[in-house]
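Enquirer: Chains as they are written, first to last, in our numbering: chain A, 12 to 203; chain B, 12 to 203; chain C, 12 to 203; chain D, 12 to 203.
Glycine included, every Cβ here is placed at the ideal spot set by N, Cα and C.
This one's a predicted model, so the numbers in the text were calculated from it and none came from an experiment.
One structure coming up, written as structure tokens, with questions to follow.
There are 4 protein chains.
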Amino acid sequence: MGKGRLEAFTDGVMAIIITIMVLEIKVPHGTDLAAFSSSLPILFTYALSFLNVGIFWNNHHHMLHAATRVDGKVLWANLFLLFWLSLIPFVIRWIDETHFEALPIASYGIVLAMASIGYHWLQQAIVAAHGGKSMLAVAVGRDVKGKLSMALYIGAIGLSFLNQWIALCIYVAVALIWLVPDRRIEAFAKKE
Amino acid sequence: MGKGRLEAFTDGVMAIIITIMVLEIKVPHGTDLAAFSSSLPILFTYALSFLNVGIFWNNHHHMLHAATRVDGKVLWANLFLLFWLSLIPFVIRWIDETHFEALPIASYGIVLAMASIGYHWLQQAIVAAHGGKSMLAVAVGRDVKGKLSMALYIGAIGLSFLNQWIALCIYVAVALIWLVPDRRIEAFAKKE
Amino acid sequence: MGKGRLEAFTDGVMAIIITIMVLEIKVPHGTDLAAFSSSLPILFTYALSFLNVGIFWNNHHHMLHAATRVDGKVLWANLFLLFWLSLIPFVIRWIDETHFEALPIASYGIVLAMASIGYHWLQQAIVAAHGGKSMLAVAVGRDVKGKLSMALYIGAIGLSFLNQWIALCIYVAVALIWLVPDRRIEAFAKKE
Amino acid sequence: MGKGRLEAFTDGVMAIIITIMVLEIKVPHGTDLAAFSSSLPILFTYALSFLNVGIFWNNHHHMLHAATRVDGKVLWANLFLLFWLSLIPFVIRWIDETHFEALPIASYGIVLAMASIGYHWLQQAIVAAHGGKSMLAVAVGRDVKGKLSMALYIGAIGLSFLNQWIALCIYVAVALIWLVPDRRIEAFAKKE
């Protein structure tokens, strides 16, 4: 089974998610700087979400580039990942309408954590399709960054009920960890 | 006529349908667990619809993968399928705004039943384009799952006026039947 | 310059237009048959618009399939076509919110007429890129269907101020004329 | 690393941006010519934005066509460009809801200026990936049009607090400068 159409569908869904998020946030209620300033937190959350979807796309791009075949399990793991990413615009709207309360901020972490689990599952499914001793399996290795992200998200979900701004800071920290593209697979791609 | 652009257009439309559904559902009206709980039925319907579109995409992917040519009839059957799928977000919004009443739930079944008919028509058109004795015709066979789905949908449409939750359970059951990718065509693809 | 990315961008835009139209129409205001019935005219307009965009996509598909090269003029003509198609969801919303008044119905005709002019311009630009004596030029011929459509649209625009339902009937008639894919170019593609 | 998926993702995002802008503008509040006339400024802004995204797509198309490889920096520069383009629908909605006040019009210029900076950064990243003496580097040259656009946008941002219509005129002027596709790279593509 070819990977081309999986990539095309994923690109489509991610391109739409990253673009329709902007439909979900309210414009400033006036045209003075005060009105604009009160929109800054949600615009910042939008930018963070844009970055997060961009990171998922970027890593997906690298991983699929190194893959040579996909099977049924890969398709379903990919759909699971896309499902959770598709909830990002929904959570952003909830955050915007309820002004950064604890539960919506925690939900944002849950959605990102589930998407990370989906990505991890997808990675496992792709590695399994290539064999445990394939270069892709070696390249993925122990996936320290992936496991660290999940641990941080789980911590942030709990912390958001204490102080939601700490949770937001952790979400930003996880994004910064991933800003650098996955050098393991990039190195693998170069060796190839 | 190449199948590439048909796949690309279908991927695009399905990717958009699966993603914009989330724009149609209302966020919880508060930030406590009670508000979130009252959103669970529509979130569940969203997840079911995401799964349904994912199943259609998955089967479409498998069928087109096995196809080698498309003609005008295939294009129109495909457009008919996409038309009914495009109404899923509309029905979800109706269900959400009217709180799971009988007619919207029945309409959800009608839309899925018409999409199934569209998929069946597309299958027939593709088989016809390849000849009645082609391996694709053999692989599709009697299409038991397709016919069973349509029968279940028609039953659910009627039952939704008795009890809409029974109808929803049947919609879930049909999705579970299809969760497994179409082994007939997958087997065919392997033989090839 | 390759035609691949022009096709991909056009497929993307048309896939989005055909899918987001459904976001623009209001769901029935109740869950009884009376509420549903009052939504039938706009649902019918939605179906007609879906068909119209499908026809443009289908003809675009055929024409580009026969084309071997595109230039800057083709890109701009294509963008002009997409601009007018992108206004279809806007006009549908206007029709829905104002209940089928004369000016919105006339505007629907203006948008379709301008899109037809855009398609004609695109056709001219593609033929010009292939030379006046190319097989594509022969295949397009006098473009009777294209000119007839434009004449009918212009007539319908005027008539919609007399009776908007007559205008709608003409829009349906034009769609029916085009339902058959462009046999001229299909015949050309077969000869090739 | 292949440029194909970068092009596909960019095409997807730009196709969505150019199409969903129409969801952001309000339809006329009536069906007479007066109601329609009062919508003309926002429809004009929509057309200008459609043209601007079209220009970015067109230039992106030309530049990537001439490119033979992309790296991580190109991916991030591209994402930065797409981020700012994705804010265009947001600013249009703000302009529409607040009736062409100074700050929203200035924000429109900021978004376009940041997108231009993103495009410039992308151009630099692509040239760097091909080497400073590559034909692509020669083709891009001193990028007079890019620098002129940025200067005009910065001027317009300041002027919009004096008179927002002057700023809008400058935005139109910049679009007209770019209407002609980038002949430098087109010439380069021909030489190749």
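Near A136 of chain C, which residues of its chain fall below 6 Å by C-beta distance, leaving aside the five closest residues on each side in sequence?
Expert: Along the third sequence, one-based indexing puts residue 136 of chain C at 125. A distance below 6 Å between beta-carbons, with the five flanking residues on each side excluded, links A136 of chain C to the following residues of its chain, in chain order: K84, V85 and A88.
Enquirer: Assign W176 of chain C to buried or exposed, taking buried as 16 or more other Cβ atoms, counted over all protein chains shown, within 10 Å of its Cβ.
Expert: Here residue 176 of chain C is taken as the residue at index 165 of the third sequence, counted from 1. The residue in question, W176 of chain C, is exposed, as its Cβ has fewer than 16 Cβ neighbours within 10 Å.
Enquirer: Using a 10 Å radius around the Cβ and a threshold of 16 neighbouring Cβ atoms, would you call V64 of chain B buried or exposed?
Expert: In the second sequence, counting from the first residue as 1, residue 64 of chain B sits at position 53. V64 of chain B should be labelled buried.
Enquirer: Nearest-angstrom Cα distance between L17 of chain B and K156 of chain B?
Expert: Along the second sequence, one-based indexing puts residue 17 of chain B at 6. Along the second sequence, one-based indexing puts residue 156 of chain B at 145. Cα to Cα, L17 of chain B sits roughly 25 Å from K156 of chain B.
Enquirer: Using 7 Å as the threshold, is the C-beta distance between S60 of chain D and I99 of chain D below it?
Expert: As a working note, residue 60 of chain D is residue 49 in the fourth sequence. As a working note, residue 99 of chain D is residue 88 in the fourth sequence. Their beta carbons are under 7 Å apart, which means S60 of chain D touches I99 of chain D by this criterion.
Enquirer: My assumption, with CB atoms under 8 Å, is that I188 of chain B sits in contact with S160 of chain B. Please give the rounded CB distance.
Expert: In the second sequence, counting from the first residue as 1, residue 188 of chain B sits at position 177. In the second sequence, counting from the first residue as 1, residue 160 of chain B sits at position 149. The Cβ separation is near 7 Å, so the contact holds.
Enquirer: Rounded to a whole number of angstroms, what is the C-alpha to C-alpha distance between L44 of chain B and F172 of chain A?
Expert: Locating residue 44 of chain B in the second sequence gives position 33, where the first residue counts as 1. Locating residue 172 of chain A in the first sequence gives position 161, where the first residue counts as 1. Distance between the alpha carbons of L44 of chain B and F172 of chain A: 12 Å.
Enquirer: Could you tell me whether any Cβ in chain C is nearer than 7 Å to the Cβ of V85 of chain D?
Expert: By 1-based counting over the fourth sequence, the position of residue 85 of chain D is 74. Closer than 7 Å: no.
Enquirer: So, does the CB of E203 of chain A fall closer than 7 Å to a CB anywhere in chain D?
Expert: Your numbering for residue 203 of chain A matches position 192 in the first sequence. Any reading at E203 of chain A must be qualified, since the residue scores a pLDDT of 46, below 50, and its modelled position is unreliable; the value itself is stated next. No, E203 of chain A lies away from the interface with chain D (no Cβ there is under 7 Å from its Cβ).
Enquirer: Sorted by chain position, which residues of the same chain lie with C-beta nearer than 6 Å to Y119 of chain A's C-beta, five sequence neighbours on each side aside?
Expert: Position 108 of the first sequence, counting from 1, holds the residue named residue 119 of chain A. Taken in chain order, the residues that qualify are V102.
Enquirer: So that I know if they touch, is there some Cβ in chain A lying closer than 7 Å to that of T30 of chain B?
Expert: Along the second sequence, one-based indexing puts residue 30 of chain B at 19. So, interface residue.
Enquirer: Let's test the definition: count the other Cβ atoms within 10 Å of the Cβ of T79 of chain D and tell me whether it reaches 16, buried, or not, exposed.
Expert: By one-based count along the fourth sequence, residue 79 of chain D stands at place 68. So T79 of chain D counts as exposed.
Enquirer: Work out the CA separation of V33 of chain B and H40 of chain B for me, nearest whole Å.
Expert: Stepping through the second sequence from its first residue, residue 40 of chain B is reached at position 29. Stepping through the second sequence from its first residue, residue 33 of chain B is reached at position 22. Each residue's alpha carbon lies about 16 Å from the other.
Enquirer: Quick check: what's the CA-CA separation for I27 of chain C versus G23 of chain B?
Expert: Locating residue 27 of chain C in the third sequence gives position 16, counting from the first residue. Locating residue 23 of chain B in the second sequence gives position 12, counting from the first residue. Roughly 7 Å between the two C-alpha positions.
Enquirer: Say whether the region 91-98 of chain A touches the region 148-155 of chain A, bearing in mind that this needs 3 or more beta-carbon pairs closer than 8 Å, one atom from each stretch.
Expert: no
Enquirer: Could you tell me which of C:A46, C:G129 and C:V122 sits nearest to H71 of chain C, measuring between CA atoms?
Expert: As a first step, residue 71 of chain C is located in the third sequence; it is residue number 60 there, counting from the start. Checked all of C:A46, C:G129 and C:V122; the closest Cα to H71 of chain C is C:G129.
Enquirer: Sorted by chain position, which residues of the same chain lie with C-beta nearer than 6 Å to S50 of chain A's C-beta, five sequence neighbours on each side aside?
Expert: Along the first sequence, read from residue 1 onward, the residue named residue 50 of chain A stands at position 39. Taken in chain order, the residues that qualify are P39.
Enquirer: Measure the C-alpha to C-alpha separation of G169 of chain C and I36 of chain C and round it to an integer number of angstroms.
Expert: What you label residue 169 of chain C is simply residue 158 of the third sequence in a count that begins at 1. What you label residue 36 of chain C is simply residue 25 of the third sequence in a count that begins at 1. Roughly 25 Å separates the two Cα atoms.
Enquirer: Take the Cβ of L163 of chain A as the centre, count every other Cβ of all protein chains shown within 10 Å, and call the residue buried at 16 or more, exposed below.
Expert: As a first step, residue 163 of chain A is located in the first sequence; it is residue number 152 there, counting from the start. Classification of L163 of chain A: buried, given that the 10 Å Cβ count is 16 or more.
Enquirer: Between which residues of its own chain and V183 of chain B is the CB-CB distance below 7 Å, once the five residues before and five after are set aside?
Expert: Walking along the second sequence from the start, residue 183 of chain B turns up at place 172. Closer than 7 Å at Cβ, skipping near neighbours: L59.
Enquirer: How is the alpha helix (DSSP H) around L173 of chain D delimited, first residue to last?
Expert: Position 162 of the fourth sequence, counted from the first residue, corresponds to residue 173 of chain D. Segment: none, L173 of chain D is in no alpha helix (DSSP H) and carries neither H nor E.
Enquirer: V81 of chain A and A140 of chain A look like a contact to me (Cβ under 8 Å); what is the Cβ gap, rounded to whole Å?
Expert: Residue 81 of chain A sits at position 70 when you count from the first residue of the first sequence. Residue 140 of chain A sits at position 129 when you count from the first residue of the first sequence. Indeed they touch by this definition, with Cβ atoms about 6 Å apart.
Enquirer: Does F55 of chain B pass the burial test, meaning 16 or more other C-beta atoms within 10 Å, or should it be called exposed?
Expert: By one-based count along the second sequence, residue 55 of chain B stands at place 44. Result: exposed.
Enquirer: Quick one, which of D:F47, D:T109 and D:F67 has its alpha-carbon nearest S127 of chain D's?
Expert: Translated into the one-based positions of the fourth sequence, residue 127 of chain D becomes position 116. Nearest C-alpha to S127 of chain D: D:F67.
Enquirer: Does the beta-carbon of H110 of chain D have 16 or more other beta-carbons within 10 angstroms, so that it is buried, or is it exposed?
Expert: Start at 1 with the first residue of the fourth sequence, and residue 110 of chain D comes out as number 99. H110 of chain D counts as exposed, since fewer than 16 other beta carbons sit within 10 angstroms of its beta carbon.
Enquirer: I want to verify the contact list: residues of chain A whose CB lies under 7 Å from the CB of A26 of chain B, in sequence order.
Expert: The sequence position of residue 26 of chain B within the second sequence is 15, counting from 1. Within chain A, the residues near A26 of chain B are F20, G23, V24 and I27.
Enquirer: Going by beta carbon distance, what residues of the same chain come within less than 6 Å of R104 of chain B, once the five residues before and after it are set aside?
Expert: What you label residue 104 of chain B is simply residue 93 of the second sequence in a count that begins at 1. Once the five neighbours on either side are set aside, the close Cβ partners of R104 of chain B are E35.
Enquirer: Take T42 of chain C as the anchor and find which of B:Y57, B:L190, B:K144 and B:A113 has the nearest alpha-carbon.
Expert: In the third sequence, the residue the question calls residue 42 of chain C occupies position 31. Put simply, of B:Y57, B:L190, B:K144 and B:A113 the residue whose alpha carbon is nearest the alpha carbon of T42 of chain C is B:A113.
Enquirer: Work out the CA separation of A77 of chain C and L75 of chain D for me, nearest whole Å.
Expert: What you label residue 75 of chain D is simply residue 64 of the fourth sequence in a count that begins at 1. What you label residue 77 of chain C is simply residue 66 of the third sequence in a count that begins at 1. Computed Cα separation, rounded: 24 Å.
Enquirer: Give the straight-line distance between the Cα atoms of M25 of chain C and G15 of chain D, rounded to the nearest whole angstrom.
Expert: Taking the third sequence and counting its residues from 1, one reaches residue 25 of chain C at position 14. Taking the fourth sequence and counting its residues from 1, one reaches residue 15 of chain D at position 4. If I take the Cα positions, the gap works out to 21 Å.
Enquirer: So is N69 of chain B in contact with chain A if we call contact Cβ pairs under 7 Å?
Expert: The residue given as residue 69 of chain B occupies position 58 in the second sequence. Chain A contact via Cβ: present.
Enquirer: Where does F94 of chain B fall in DSSP's three states?
Expert: Position 83 of the second sequence, counted from the first residue, corresponds to residue 94 of chain B. If DSSP states are grouped into helix, strand and coil, F94 of chain B belongs with the helices.
Enquirer: Candidates B:D107, B:H73, B:S48 and B:L62: which alpha carbon is nearest L133 of chain B's?
Expert: In the second sequence, counting from the first residue as 1, residue 133 of chain B sits at position 122. For L133 of chain B, the nearest C-alpha among the options comes from B:H73.
Enquirer: Thinking C-alpha only, which one of D:I53, D:S48 and D:A186 is nearest A124 of chain D?
Expert: Position 113 of the fourth sequence, counted from the start, is the residue given in the question as residue 124 of chain D. Nearest C-alpha to A124 of chain D: D:A186.
Enquirer: Whole alpha helix (DSSP H) runs in the region 108-152 of chain B with 4 or more residues, listed along the chain?
Expert: 113-141 and 146-151
Enquirer: At which residues does the alpha helix (DSSP H) containing T56 of chain A begin and terminate?
Expert: For the purposes of this step, residue 56 of chain A is taken as residue 45 along the first sequence, with counting starting at 1. It spans L51 to A77 - the alpha helix (DSSP H) in which T56 of chain A sits, taken as one unbroken run.
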